[in-house]
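Here this note's numbering = 1-based position in the sequence shown + 2.
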Amino acid sequence: MNLKRNGKTEVDSIISISSHTASSKNATKPGWRPFYLRKWVLILFVVSFCAIIATLEVLNYVSSANQGLASSVESRHYLWTYGPTAILTIIAALWARVEFQAKSSAPWQAMSEKPEEPEKSVLLDYISAMQPVAMVKAMRNRHYVVAAGIACSLLLRLLIIVSTSLFSLEEVQVSKSNIPIQLQGNFSTLSVSDLSNAVYNPFNVINGILFENVSYMDGTTDNLTFPTFSAPTISNDSVITANITGLVSDLDCESAHLDINLWQLRTVWVGAKSPGGTVQVEDNVLSSSSCKISNVSLSIPSNQETGAQVTAKTPYAARLKSGQCTNSNNLDENRVILIAVEAHLGNSTESPYGNFTEDGIEFSGNSNWHRTTVNITAKRVVAAICKPTFSIVRMVATTNTTDTSSTTQFEVTGIERTVLPHLTAWQVADDVLKGSVDIDIYQPIVDLDQFPATNKTLVDVAYSIQLGAKFIGETGSIDKLFDSGILVNAASTYYRAMGAQLVHQGLTSQSQSASLGSAIINENRVIMAQLPLRAMEACLILVIMFAITMIVLVPSAQLSPFNPTSISAIAAILSNSKVLRESLCGSSAMPLKRLSHFLQRRRYYTERTPGGFCIAAVGDETKSHSDFNDTDLNFKKPQWSPLPNKIVRVVVFIVVALLIVALETLLYFSQSNDGLADVPSSDDNVHYLWTMIPALIMVIIGLLFGSMDFNTRCLAPYVSLKHKAGASSQFMTVDFLDSLSTTTIFSSVRMKHFAVLAATLATLITSVLTIVTSGLYTALTVSEKTTMDFTQETTFYGASGDSQSGITTAEYILQDNLAYPKWTYKELAFPKLSMNATNKKNFSDSFVDIIVPAMRGTLACKLQTDDELNAKFSSSEKVITYDIWAEQCSNSTSWTKETQNFDLKAQTVFGRSVPNTCHEDQASDTATISTSSIATMSYIWGTMQNDSFIHIAALTCQESAEMVDTQTRFILPGFAISETDPPVPDESTARTAKNYTTSDASGALMENDPGVRFDSFFQALILGKYAIPEEWISNKADNEKVIDAIKVQNKFMRAQVFNTFNRETVDGSGDSPLVGNVTTPGQRRLFQDAVSTRVLDVLLGLLILFGILGSVLTNTDHVLPKNPCSIAAVASLLADSNFLHRFGSDVDPNDRAIDKVFANCRFFLGLCYDGPLRGSNDDRFTVYLTDYGIEKDFPLAPERWI
């Protein structure tokens, strides 16, 4: 087929016609300007940056005002860790288009303004250079738009890294108002009899608080009683505040004056040396400004020696007692008297034999009777008359929800006197005064005198004043009571403390009420960090400044008629640029340095000519054929390899694979060790290390894969052109670089260029890496677990302690509902432990889980019922007699019956605990387990009516002890036993406790009256902490329940005896230490998030996959002789092409209409001859065309395209 017409083919004619048509159409079209460099687009970016700053400031204000932005949990931290980084990553991706278009348009912009030397025009390359290098180069060339665009990109990348540490999840204290508060324990005076029933408990409580280290009862302090309160809707480690009302029982005292009318010490003597009795005769009046009280008894202590002479010791007395103002029978006139007196004993006078009367008895007619009289005067007196009062105290109470209310802090907002219905202040005072008189059980104050006598003094201070003095710390010398205000202070303190306990037990109901309060809640909240915030704002301000600079400097004029970045666009421009084409002919194989040598003699600029848009030049061109060397002419294979080359890419893939391994290793370590490492609390900036460093690593990985992606996208058209089948015209018009990644993905799929697809996906993944990394590491407050050795410092093999104290403490626990003392819990007594640690402060609020050998009581019991007991009741003597099993003294394993009895005044329900007689005989025995280590107690209970027993039962038990290994949690450093995690005995380790001595402490269970229904043991059983219904005592069917309760209570009491009587100190340094697991809460640890790790593993795995796939599909090494990112480099590959003449003037080479023009053509990149001999040394490495619709042979002959 001959298609030549006048030296041109029909295709040439068709193209010329098309060019003419296109030229006429394009004449009315506006020129091309980079889209992202338009001023309105840049203004949108500036507005966005300003909006980000405003948003950051608003969030910072909210964070500062509310102790964080919002409450959160660790599982939701992806929202606030990924969010900022993701937003900035998207903005940075959009700004990358601004940067690229600024770089790519820079040479065209330079040439549109004036002729420029090659290095600033056709050889200018900002695209492939590293950003810092390109920015410096742009500044040197005064291309400030490019420099500003690059600076913004760098700052945005820095912003992404910094944003990973912008938010953190921290436990902070948050104040909240209108929290629902539940009040429990309101005051009720409807049943005043309840107050009298509680009269003995307060004195026990006060003794326990002062001497046995027990705590105040819930809802009481040393001054007042108040309703306990809680906030059920908030967490247990919060501090709640509520407005509550407390009740104070107090004394309103005024100073008083003592008038002594008569005060004598009279002693009746039998014979010459035997005193028959001493009495004090008193007629004293105590008066104040508002009250006068007669017949005030002082009762100083006295001591007679043999003969008629009174000792020379000085007597002291201090009293807290009742009195009534003279001439009044009104209870409101009853008063509390406080008085301390130092007495002086005068000389003794003797009455004649048989001529005196004493206490109404007349002594006469017997020469053996006589009387001595000593007049007493007061050397020092401190006295006050006090009126009991009630006061309502309005308070703001604050307490931790995990602590008892005894730690409640109060801020008093108002106090006012009040009167309670159905209850007078004197009723409380009367019961308070009785509390220290009738003592039901042994009390430490009896033996622990707070004002001990000396060789020259006799001291008698009421227990109430002694306890009050101990409260205020004014004990020791009796002279202290005569100091100003101390007596009143001590007595008032005691009165308030007793009144608080009394009112709480007698008047507090179990009803509940609701209120509103506030709380300081420990919440995990999202906190905005200040340093990253300010750094981000500084970066954004710089970005805004650079963006505004670009808005000012970016030109509004069009740079060219079309986008000049594609191969076809360069070809179209080159077709009209005769001078440039002539300069570049035969230079395709030249490296850039030699190419620069060819072009340096001219300056280049762009212009529009009648022939179309072109690059023109000014200056002389002296290039000749001699300028080509053998390398230029004997080109065989391209030598240029962009970085990263194949070796570097393999290394990168290996490093990423190792990074996956490192992530998995760190995750395993984090999960196995409760975190990776401790977070120093002293350095607030250390957390930036684990947020920014991983982000920086991911940014570096992103840069490496971004370079691979750039190379692949940049060289993709040329790789297609080098394919054996060539490439269609769409690869000539495509520009994979000047598009968003999403656009590139669709274009690569449409064009089936899977290497570009893989590389783009890999780069897209690197953007996600930084986002995911922001949530990779988190600092959490966790419990740190370590092992530590503990030394056992005591055992239970001693017998020198105070058994009475142990029973007293048990009474406090059972009857008064007080806490267990240290080293005991229920039936268990624990040896004292010590920490083998130098700095115990570091273990504050920590706890240890440890297995400790604890001692507990054991019981082997026999039950006797009605017939076996042979019980009888004597109505005249009011005595119950019964036969009960008892242990034989000669053999503790044998039993015999003995008859016992006890008094019972009323025929009703009863209960008694009786020690075995044999054990009492052996109380001093210190033998081993066969004798004194087994004690016997009997418990008798039942009910009777009309002189007959409805039900009676007895339980006789042998008491011994055993050791059992117990899993125990101690709160450090004080070794308090955790009640939330109580001790758990390992029953399989129980063994008999040998070589310990028992104590018969049953004598401490005193009765108020020998004939009462229940002794102290049974009182505690039915009224105490673990009370059983009284109906069980009178019902035979409930015997087993009563037996179980007796055993439990017996063991509780024995544990306290073990604690005080059997405990002895030993040197445990030589023994094997006890190993415990110490848990230290509040330690901040660095954790690696499992979800983020797994996501990173997948992303990094995909990164390797896509990276390898892209490298295999397209090896970017040796594709071209030189870097094609400059105009001259691309033009040098086209200067010898055979299709340049087909582009008409002002034809848009990027238009899809070009595809129709080249529909039957294939484009190739390779060696093409430009002389008569194919394959000679004159072959050129160029882009050439074959037209299968015209010639199925080799490309068109040179004479048809030169």
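Each residue gets a CB set at the ideal place from its N, CA and C atoms; glycine is no exception.
Check: So the candidates are 792, 813, 1134; which of them puts its Cα closest to the Cα of residue 975?; Outcome: 792
Check: So what's residue 863 in DSSP terms, helix, strand or just coil?; Outcome: strand
Check: Could you compute how far the alpha carbon of residue 113 sits from the alpha carbon of residue 121?; Outcome: 11 Å
Check: By DSSP, does residue 603 sit in helix, in strand, or in coil?; Outcome: coil
Check: Figure out for me which residue from 999, 1083, 798, 487 has the closest Cα to the Cα of residue 1065.; Outcome: 798
Check: Once DSSP output is grouped into helix, strand and coil, what is the label at residue 963?; Outcome: strand
Check: If you draw a straight line from the alpha carbon of residue 345 to that of residue 207, how long is it in whole angstroms?; Outcome: 33 Å
Check: Counting only the same chain and skipping the five closest in sequence on each side, list residues whose C-beta sits under 6 Å from that of residue 230.; Outcome: 186, 187, 220, 221, 407
Check: Quick check on the burial criterion: 16 or more other C-beta atoms within 10 angstroms. Buried or exposed for residue 755?; Outcome: buried
Check: Just the C-alpha distance for residue 1215 and residue 488, rounded to the nearest angstrom, thanks.; Outcome: The chain is shown only over 3 to 1204; residue 1215 falls outside these bounds and no answer can be derived.
Check: Could you name the residues of the same chain whose beta carbon sits closer than 7 Å to that of residue 992, not counting the 5 residues immediately before and after it, in chain order?; Outcome: 964, 966
Check: So what's residue 529 in DSSP terms, helix, strand or just coil?; Outcome: strand
Check: Going by DSSP, what residue range makes up the beta strand (DSSP E) through residue 727?; Outcome: Taken as a continuous stretch (DSSP letters only), residue 727 belongs to no beta strand (DSSP E), as it is neither H nor E.
Check: Label residue 922 either buried or exposed according to how many other C-beta atoms from any shown protein chain fall within 10 Å of its C-beta, with 16 as the threshold for buried.; Outcome: Only weak support is given to the placement of residue 922: the predicted model assigns it a pLDDT of 41, under 50, and the value that follows is read from those uncertain coordinates. So residue 922 ends up on the exposed side.
Check: For residue 775, is the classification buried or exposed, using 16 other Cβ atoms within 10 angstroms of its Cβ as the cut-off for buried?; Outcome: buried
Check: Assuming residue 1085 contacts residue 784 (C-beta within less than 8 Å), just tell me the rounded distance between them.; Outcome: 6 Å
Check: Using DSSP's beta-bridge definition, name the partner residues of residue 1.; Outcome: This structure cannot settle anything about residue 1, because the visible part of the chain is limited to 3 through 1204.
Check: Output needed for residue 1187: all residues of its chain with C-beta closer than 8 Å, excluding positions within five of it in sequence on either side, in chain order.; Outcome: 1139, 1140, 1141, 1160, 1163, 1164, 1165, 1166, 1197, 1198
Check: Find out if the Cβ-Cβ distance for the pair residue 768, residue 703 is shorter than 7 Å.; Outcome: yes
Check: Looking at residue 911: is its Cβ nearer than 7 Å to the Cβ of residue 940?; Outcome: no
Check: What first and last residue would you give for the beta strand (DSSP E) that runs through residue 446?; Outcome: No beta strand (DSSP E) contains residue 446, which is instead part of the alpha helix (DSSP H) from 446-449.
Check: Return the chain-ordered ranges of every alpha helix (DSSP H) run that is complete within the stretch 1025-1112 and spans a minimum of 4 residues.; Outcome: 1032-1036, 1041-1059
Check: Count the C-beta pairs between the stretch 726-738 and the stretch 1123-1140 that are closer than 8 Å, then say yes if the count reaches three, no if not.; Outcome: no
Check: From this set, 680, 650, 557, 879, which residue's C-alpha is nearest residue 36's C-alpha?; Outcome: 557
Check: So is residue 1 buried or exposed if we call it buried at 16+ other beta carbons inside 10 Å?; Outcome: Given that the chain is displayed from residue 3 to residue 1204, the structure contains no residue 1 and the question cannot be resolved.
Check: Does residue 468 pass the burial test, meaning 16 or more other C-beta atoms within 10 Å, or should it be called exposed?; Outcome: buried
Check: Could you check how far apart the C-beta atoms of residue 811 and residue 1067 are, in whole angstroms? I think they sit under 8 Å.; Outcome: The Cβ separation is near 19 Å, so there is no contact.
Check: Could you check if residue 286 is buried or exposed, using at least 16 other CB atoms within 10 Å of its CB as the buried criterion?; Outcome: buried
Check: Just how far apart, CA to CA, sit residue 619 and residue 1134?; Outcome: 16 Å
Check: Kindly list the residues whose CB is nearer than 6 Å to the CB of residue 48, restricted to its own chain and excluding five residues on each side of it in sequence; keep chain order.; Outcome: 546, 549
Check: Identify every residue that forms a DSSP beta bridge with residue 402.; Outcome: 241
Check: Just checking, does the stretch 408-419 make contact with the stretch 514-529 on the three C-beta pairs under 8 Å criterion?; Outcome: no
Check: For residue 259, which residues in the same chain have their Cβ closer than 6 Å to its Cβ, ignoring the five residues on either side in sequence?; Outcome: 289
Check: Thinking C-alpha only, which one of 589, 661, 97 is nearest residue 599?; Outcome: 589
Check: Give the single residue among 987, 981, 959 whose Cα lies nearest to the Cα of residue 1052.; Outcome: 959
Check: When we look at the beta-carbon of residue 63 and count the other beta-carbons within 10 Å, is it buried (16 or more) or exposed?; Outcome: exposed
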